[in-house]
Amino acid sequence: MEKSWIRRPVIGSGIAFLTIVLFVSSPIWIPVLALVDAVRGRWRFPLARFAGFGFFWCLLEMVGIWWALLLWCAGQGHNVRLHYKLQTWWTRSLIQALGFTVGLSITVEGAENLGDGPYVALCRHASLADSIMSAWVV
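First residue of the sequence shown: 2, per the working numbering; consecutive thereafter.
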């Protein structure tokens, strides 16, 4: 889909639908995945935790899209400061969801030596997680 006016509503609607389906069906999939993990002897419940993170991701993505839409409707579609605040909230919330569901913790060594900035960050972006962690650290 090349046209953003087609792509954005389709993706936004898809994420909203997936979030609602995951929420409504959570009384089914959470115990089923926990049971599958238990039967496999995986006592850290990796399937249930991964699916839980997927639900949090969908929820955060939906909230972020709705806030961006509200900014646009309020005439703030080009307000870089507000969009940056929204992106910062989304990134931090996603890192917190990773911490809650899969136990991720990020430790920055030497941050006290950075000074006031501005900075040039040379990051290896091998995956989405690398980009999110870089944004969270900065």
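A virtual CB, placed ideally from N, CA and C, is assigned to each residue, including glycine.
Residue i to residue j, Cα distance in whole Å?
| i | j | result |
| --- | --- | --- |
| Gly-104 | Asp-38 | 17 Å |
| Tyr-120 | Ala-136 | 12 Å |
| Glu-113 | Ile-16 | 39 Å |
| Gln-97 | Val-81 | 24 Å |
| Glu-110 | Val-138 | 11 Å |
| Leu-61 | Ile-21 | 12 Å |
| Leu-99 | Val-11 | 26 Å |
| Ser-14 | Gly-118 | 39 Å |
| His-79 | Leu-129 | 25 Å |
| Gln-77 | Gly-55 | 30 Å |
| Ile-213 | Lys-4 | Residue numbering for the chain in the displayed model covers 2 to 139; residue 213 lies beyond these limits and cannot be assessed. |
Could you check what DSSP says for residue i in three-state terms: helix, strand or coil?
| i | result |
| --- | --- |
| Gln-88 | helix |
| Phe-46 | coil |
| Gln-97 | helix |
| Val-121 | coil |
| Thr-20 | helix |
| Gly-15 | helix |
| Gly-53 | helix |
| Val-76 | With the sequence shown as reference, residue 76 is identified as Gly, and Val is not the correct amino acid for it. In the structure shown, Gly-76 sits in coil (DSSP, three-state: anything other than H, G, I, E or B). |
| Glu-62 | helix |
| Leu-115 | coil |
| Ile-31 | helix |
On the criterion of 16 or more Cβ atoms from any shown chain inside 10 Å, does residue i qualify as buried, or is it exposed?
| i | result |
| --- | --- |
| Trp-91 | buried |
| Gly-53 | buried |
| Trp-44 | exposed |
| Ala-122 | exposed |
| Leu-36 | exposed |
| Leu-23 | buried |
| Ala-1 | The question about residue 1 has no answer here: the residues shown for the chain are numbered 2 through 139. |
Is the Cβ-Cβ distance between residue i and residue j less than 8 Å?
| i | j | result |
| --- | --- | --- |
| Ala-75 | Leu-87 | no |
| Cys-59 | Leu-19 | yes |
| Thr-89 | Phe-57 | no |
| Ile-133 | Leu-95 | yes |
| Leu-72 | His-84 | yes |
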